[in-house]
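Chemist: In the numbering used here, the protein residues as written are 1 to 519.
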Ligand SMILES: [Zn+2]
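1. Quick check: the Cα distance between residue 474 and residue 201, rounded to an integer number of angstroms?
2. Would you say residue 141 touches ligand 1, meaning its beta carbon is less than 7 Å from a heavy atom?
3. Check each candidate in 77, 402 and 294 and name the one with the smallest Cα separation from residue 27.
4. From the DSSP output, in three-state form, read off residue 516 for me.
5. Looking at residue 8: is its Cβ nearer than 8 Å to the Cβ of residue 129?
6. Distance check for residue 76 and residue 19, CA to CA, integer angstroms please.
7. Is residue 162 a contact residue of ligand 1, with contact defined as CB to any heavy atom under 7 Å?
8. If you follow the beta strand (DSSP E) that residue 106 is in, where does it begin and where does it stop?
9. Just the C-alpha distance for residue 337 and residue 378, rounded to the nearest angstrom, thanks.
10. Return the bridge partner residues of residue 350 from the DSSP annotation.
11. Between 16, 59 and 73, which lies nearest to residue 24 when the distance is taken from Cα to Cα?
12. Cβ of residue 487 within 8 Å of Cβ of residue 188?
13. Who are the Cβ neighbours of residue 281 in its own chain at under 7 Å, not counting the five residues just before and after it?
14. From the DSSP output, in three-state form, read off residue 176 for me.
15. If distances are taken between C-alpha atoms only, which option among 307, 495, 297 and 159 comes closest to residue 437?
16. Below 8 Å on the Cβ atoms is my contact criterion, and I expect residue 413 with residue 434 to pass it. Report the Cβ-Cβ distance as a whole number of Å.
17. Within its chain, find whatever has a CB closer than 7 Å to the CB of residue 221; leave out the 5 residues flanking it on each side and keep chain order.
18. Quick one: grab the DSSP three-state call for residue 113.
19. Report yes if the CB atom of residue 89 is closer than 8 Å to the CB atom of residue 124, and no otherwise.
20. Buried or exposed: which applies to residue 370, given that a residue is buried once 16 or more other Cβ atoms fall within 10 Å of its Cβ?
21. Does residue 55 pass the burial test, meaning 16 or more other C-beta atoms within 10 Å, or should it be called exposed?
22. Using the three-state DSSP reduction, which class does residue 89 fall into: helix, strand or coil?
23. Identify, in the order they occur along the chain, each residue of the same chain with its Cβ nearer than 8 Å to the Cβ of residue 345, setting aside the five sequence neighbours on each side.
24. Evaluate the contact criterion for the stretch 264-281 versus the stretch 174-184: three or more CB pairs, one atom per stretch, below 8 Å.
25. Please go through the same chain and pick out, in chain order, the residues whose beta-carbon is closer than 6 Å to the beta-carbon of residue 152, but skip the five residues on each side of it.
26. Measure the alpha-carbon distance for residue 5 versus residue 64 and round it to whole angstroms.
27. With residue 272 and residue 254 assumed to form a contact (beta carbons below 8 Å), what rounded beta-carbon distance in angstroms separates them?
28. State the Cα-Cα distance for the pair residue 366 and residue 211, rounded to the nearest angstrom.
29. Assuming residue 391 contacts residue 453 under a Cβ cut-off of 8 Å, what Cβ separation, rounded to an integer in Å, is found between them?
30. Between which two residues does the alpha helix (DSSP H) harbouring residue 54 extend?
31. Could you pull out every unbroken alpha helix (DSSP H) segment of at least 4 residues lying fully inside the stretch 18-47, listed in chain order?
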């Protein structure tokens, strides 16, 4: 028995003007064939696949296709998408014959000519393997699920958590589901409901009892434990995608019981719609947030979430709205903030430690919402931003953000990296020579995931509302391609009664027959 595994991981933010190219994937680390299996055995979804498959009594042969990861950023170029499709199909061709395919996907990747990259990849793989070979894919919770994705996979398995602390486990769930299809003969029937709504990511903390997401996570995990249910998930899509099929979704896959799948899916969808207003939380301007942090920073750690420039949401990472406020104050303890700026790194390396960097800083990659900030700093340290990421988003994931520097302005330390990456991770601040938990104030460029590391130890957390490519108040920005009406852009009536009448769409995936009436 031969089971093929592969990965395509990139989250697109269509507001980021920096396009994603093949080079971004190459810099992150492409793996092919045996190398993929040998090196990813303890990392993220691929690790979950590999360890699960190795534990099967049938001892299947694990065949590595290709691992294509790039850090979240702007739209991928059309050539990049064509290259990805070729890579996936060529690797599949080499691997054949296979008895099943397991893919680890993000589910919110957009290219210049293809707004549904993962749908197109699943379709291409399906066409190549035919309708009888099981195809199971895992997805991020912020995926934009499309009809094409559902129609071409036997099952889609979503992360249940945000912060994403179940990435490895989602791989295990994907492999377990494949086993039920392949070995136990389960017949997946998927009910899929798209909802005309998008919610902010900032308060969607599935691990925080007071968050609406906590109860919804418990609901779908409860469903998934029922014997007839193969998988259940809620995809509260990430909002910074100006594409025609944008919207949240609920998915329930049962073993050959379309009515039950439909009933459960409709129930969860109604619940999500009903609670949509609960996703909105308090936002503070950059000026107010930094002033509050200054007033409190004498003891404990204050964390400011600069979500509008969240590199985990695909923002460019060089917005300077918060930095401009930080340098107005004389901090008695370190104030840590990050910036993605390869030119600044190169200039600081030339100046050497102790050199004076004349500025400006930031506002280059994000030239839509930030302007370069005039600021003179001292080069304090040169380092390589290389570490192993575990926690939100990752289990044992190697990260390399390239040559990096620490610039100093009073007690404000600006950690400047050449490439984008997890600009919230404690491991990044540690690589730069700081203990993030003993800082006075720390800026996390992350909307929610940073809470996994900081919530238990921070004295106070504030969510900043500043202009940027991943703003929490996204509906105030110009979108040209999204479907309308869409909440919260439009105040609409989409009632559970409507859902009850027509029900979610049902797919009997293995045969590609679409039945049940579209909602
Ligand atoms: Zn996500």
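For glycine and all other residues, C-beta sits at the position ideal for the given N, C-alpha and C.
Bear in mind the structure is a predicted one, so any value in this text is a computation, not a measurement.
Modeler: On the basis of the data shown:
1. 10 Å
2. yes
3. 402
4. Note that residue 516 scores 29 on pLDDT, short of 50, meaning its location in the model is unreliable and no value can be drawn from it.
5. For residue 8 and residue 129, no; Cβs fall outside 8 Å.
6. Taking the straight line from one Cα to the other gives about 6 Å.
7. Yes, since a heavy atom of ligand 1 falls inside the 7 Å radius drawn around the Cβ of residue 162.
8. Per DSSP, residue 106 belongs to no beta strand (DSSP E) and is neither H nor E.
9. 15 Å
10. Beta-bridge pairing links residue 350 to no other residue.
11. 73
12. A distance of 8 Å or more separates the beta carbons of residue 487 and residue 188.
13. So the list reads 202, 203 and 463, once near-sequence residues are dropped.
14. For residue 176, the three-state secondary structure derived from DSSP is helix.
15. 297
16. 7 Å
17. 160
18. coil
19. Taking 8 Å as the Cβ cut-off, residue 89 and residue 124 qualify as a contacting pair.
20. buried
21. exposed
22. helix
23. 402, 403, 404, 405, 416, 417 and 418
24. no
25. For residue 152, same chain residues with a beta-carbon under 6 Å away, outside a window of 5 residues either side, are 122, 123 and 126 in chain order.
26. 5 Å
27. Between residue 254 and residue 272 the Cβ distance is about 19 Å, and since that is not below 8 Å, they are no contact.
28. Taking the Cα positions, residue 366 is about 31 Å away from residue 211.
29. 5 Å
30. 44-55
31. 22-28 and 33-39
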